[in-house]
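Chains as they are written, first to last, in the UniProt record's numbering: chain A, 1 to 321; chain B, 1 to 321. Have a look at the structure below before the remarks.
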DNA sequence: TTGTACGCGTTATCAC
DNA sequence: GTGATAACGCGTACAA
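Encoded structure:
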């Protein structure tokens, strides 16, 4: 490694002009003779270009800012894995904003000032501030998770998910169903879309809906409260995390309802019984995100792109025991 | 945002030389009058410096490369959170190497060529290649998890962890114990250190040790095999993940042993029963890593630093029901 | 206090 | 095919 060698040093060592070296490096025409000389030197001194200088000259670097609401989630890390999978030339600058919109705003500004060449925002939950700063910037931007008109976006087909789960739950012939949902103003895709089909399937089945949040502990408390007064034989949670909270509650109350969850296929197989869950491939979603980003960056399509990802129901022990 | 404004533009607008603007920006002495003028312009055009040019000039950026073996783990994301917590001026370039040492090597080289100003390697499992490239480079480097002489490192006190668990398990008076361990050549801290105290506590208690790996599915199969032939009333796994695999195995065999796990406090509360586990604060470890990194970068201590992190046993349902 | 001139490493333009 | 030379945006001696 030693000290970094520059294009100038190479030029001196090879007795040529630095512009010749530059051409050599960028695939321009160079005589066989000088090519050989430079070949040697580059190999010997292990030359790597100075990326700052390149970026300064080219007015762009190949860095994409990735904003993620949390890192301790399989959904998120699977999407990141999907991004990685297809990536060749870009560097991802991953920033965890801890589900805090103030931090998210700050992160976007910081990424701006670092001249990233684009933005990918996972599980976006845009505030007005963020929306306007994104609209003001000309950075190629792709968001995931929320159906924001005017933005290039990839969303999950939560409507369909709810329909599929709705159809399935009817075959279970439950007598009393507990729905653990989240506030749809916080997350419309989850809180609203995901439950349309379910509620319609429950039209003549007794059920109760409780609004909680994405936190497992809160979900556990909410479920415990509901279950203490009433017995349910089927629990449907807006996310697997919420369902796991409910399982804890049921466990402590010595109840054994059936369960259906959504999304993070991770929990599904770590809990006992394994969880029936409607799953999305976040890995594929990550790949799709990167593809869409490239399209947006390289072709700058006139109108905002919108891609919908489908999922499927995986039936496990929690509904068949 | 519009187009980026430069120090030159400001100079022209304010009718001063760009060096004056530069001084203004870097806290040099500027007359009240010009200061006011520049103030206005900066505010109006929302100037932010071009980081490439700065880095090119200063020959260093404030970017720290962080190499993480996997992202879908609470331990890792907690450490990242710890790093974030103390950070003010630095940017972390997080690279997931998917527990693949070839990828890890490539990542280190890439970070090098991007002129990062330092390296933090989480849960390091250094191969010879990696060790030598790190030693050859002069980058300030801090590693975590493995007690590599010659490297600045933060390690977990696994010896103590094993002793504490050893003492505790004696109070449980088990009749037959299953140890699910990993190959100590793969991870000495876990496979060896963590089990010293346990094995000594088991000297006159019947027990069986099985070597599996960090993967939950493999652990499940290994446990199932062992449990099919023999009944255990206590299972100790090298990690929580492994223990969860064993819980699945036991569940399918309708057995209910007690369980003790290590480390990732995440699982502990998502499984039923909640898991007794020896826990380390990875969040604090992350903070300590950053502190150590700063020390190494700014003071370049002559000898490699070594910091040991302690943990504690958290007793939950899995050993008291 | 302010301005001039140059260098950081790279790429691009244009003569030769 | 090659080599000066000028830029990219910033910081900083040095001179005024």
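Just so it is clear, CB atoms sit at the ideal spot from N, CA and C, and this is done for glycine as well.
Please state whether the Cβ-Cβ distance between residue i and residue j is less than 8 Å.
| i | j | result |
| --- | --- | --- |
| residue 197 of chain A | residue 304 of chain A | no |
| residue 311 of chain A | residue 278 of chain A | yes |
| residue 119 of chain B | residue 146 of chain B | no |
| residue 259 of chain A | residue 171 of chain A | no |
| residue 82 of chain A | residue 284 of chain A | yes |
| residue 219 of chain B | residue 245 of chain B | yes |
| residue 214 of chain A | residue 235 of chain A | no |
| residue 195 of chain B | residue 178 of chain B | no |
| residue 153 of chain B | residue 144 of chain B | yes |
| residue 174 of chain B | residue 133 of chain B | no |
| residue 140 of chain A | residue 293 of chain A | yes |
| residue 5 of chain A | residue 18 of chain A | no |
| residue 32 of chain A | residue 24 of chain A | no |
| residue 209 of chain A | residue 176 of chain A | no |
| residue 74 of chain B | residue 78 of chain A | no |
| residue 34 of chain B | residue 20 of chain B | yes |
| residue 257 of chain A | residue 280 of chain A | no |
| residue 240 of chain A | residue 274 of chain A | no |
| residue 314 of chain A | residue 276 of chain A | yes |
| residue 224 of chain A | residue 249 of chain A | yes |
Put residue i into one of helix, strand or coil per three-state DSSP.
| i | result |
| --- | --- |
| residue 1 of chain B | With a pLDDT of 44 at residue 1 of chain B, under the threshold of 50, the modelled position of this residue cannot be trusted, and the question is left open. |
| residue 15 of chain A | coil |
| residue 31 of chain B | coil |
| residue 205 of chain B | coil |
| residue 61 of chain B | coil |
| residue 278 of chain A | strand |
| residue 185 of chain B | coil |
| residue 6 of chain B | coil |
| residue 212 of chain B | strand |
| residue 267 of chain A | helix |
| residue 320 of chain B | coil |
| residue 196 of chain A | helix |
| residue 70 of chain A | coil |
| residue 308 of chain B | strand |
| residue 93 of chain B | strand |
| residue 24 of chain B | helix |
| residue 168 of chain B | helix |
Where do the N-terminal and C-terminal ends of the alpha helix (DSSP H) with residue i fall, by residue?
| i | result |
| --- | --- |
| residue 82 of chain A | 74 to 86 |
| residue 148 of chain A | Looking at the DSSP string, residue 148 of chain A is not in any alpha helix (DSSP H), and its letter there is neither H nor E. |
| residue 290 of chain B | 282 to 299 |
| residue 217 of chain B | 216 to 229 |
| residue 103 of chain A | 101 to 113 |
| residue 353 of chain B | This structure cannot speak to residue 353 of chain B, because chain B is shown only from 1 to 321. |
| residue 118 of chain A | Where residue 118 of chain A is concerned, there is no enclosing alpha helix (DSSP H), although the beta strand (DSSP E) it sits in stretches over 118 to 121. |
| residue 243 of chain B | 240 to 252 |
Could you tell me the boundaries of the beta strand (DSSP E) in which residue i lies?
| i | result |
| --- | --- |
| residue 181 of chain B | 177 to 182 |
| residue 325 of chain A | What is shown of chain A runs 1 to 321, which leaves residue 325 of chain A out entirely. |
| residue 153 of chain A | 152 to 156 |
| residue 312 of chain B | 311 to 314 |
| residue 237 of chain B | 234 to 237 |
| residue 48 of chain A | Segment: none, residue 48 of chain A is in no beta strand (DSSP E) and carries neither H nor E. |
Between the Cα of residue i and those of the options, spot the shortest distance and give me the residue it belongs to.
| i | options | result |
| --- | --- | --- |
| residue 272 of chain A | B:251, B:185 and B:109 | B:251 |
| residue 190 of chain A | A:130, A:50, A:155 and A:231 | A:155 |
| residue 157 of chain B | B:282, B:4 and B:317 | B:282 |
| residue 289 of chain A | A:85, A:4 and A:162 | A:85 |
| residue 67 of chain A | A:105, A:274 and A:21 | A:105 |
| residue 193 of chain B | B:160, B:257 and B:216 | B:160 |
| residue 101 of chain A | A:314, A:87, A:316 and A:124 | A:124 |
| residue 242 of chain B | B:268, B:254 and B:87 | B:268 |
| residue 184 of chain B | B:162, B:135 and B:211 | B:211 |
| residue 103 of chain B | B:254, B:129 and B:87 | B:129 |
| residue 52 of chain A | A:116, A:70 and A:301 | A:116 |
The ligand PLP heavy atoms versus the CB of residue i: any closer than 7 Å?
| i | result |
| --- | --- |
| residue 118 of chain B | Within the structure as shown, the ligand PLP is missing, as the structure has no ligands at all. |
Across the region 60 to 74 of chain A and the region 89 to 100 of chain A, are there enough close Cβ pairs to call them in contact, namely three or more that are closer than 8 Å?
yes
Three CB pairs or more closer than 8 Å across the region 25 to 38 of chain B and the region 46 to 59 of chain A:
no
Touching or not, the region 159 to 178 of chain B and the region 200 to 218 of chain B, by the rule of three or more beta carbon pairs under 8 Å?
yes
Would you call the region 46 to 55 of chain B in contact with the region 96 to 115 of chain A, where contact means no fewer than 3 C-beta pairs closer than 8 Å?
yes
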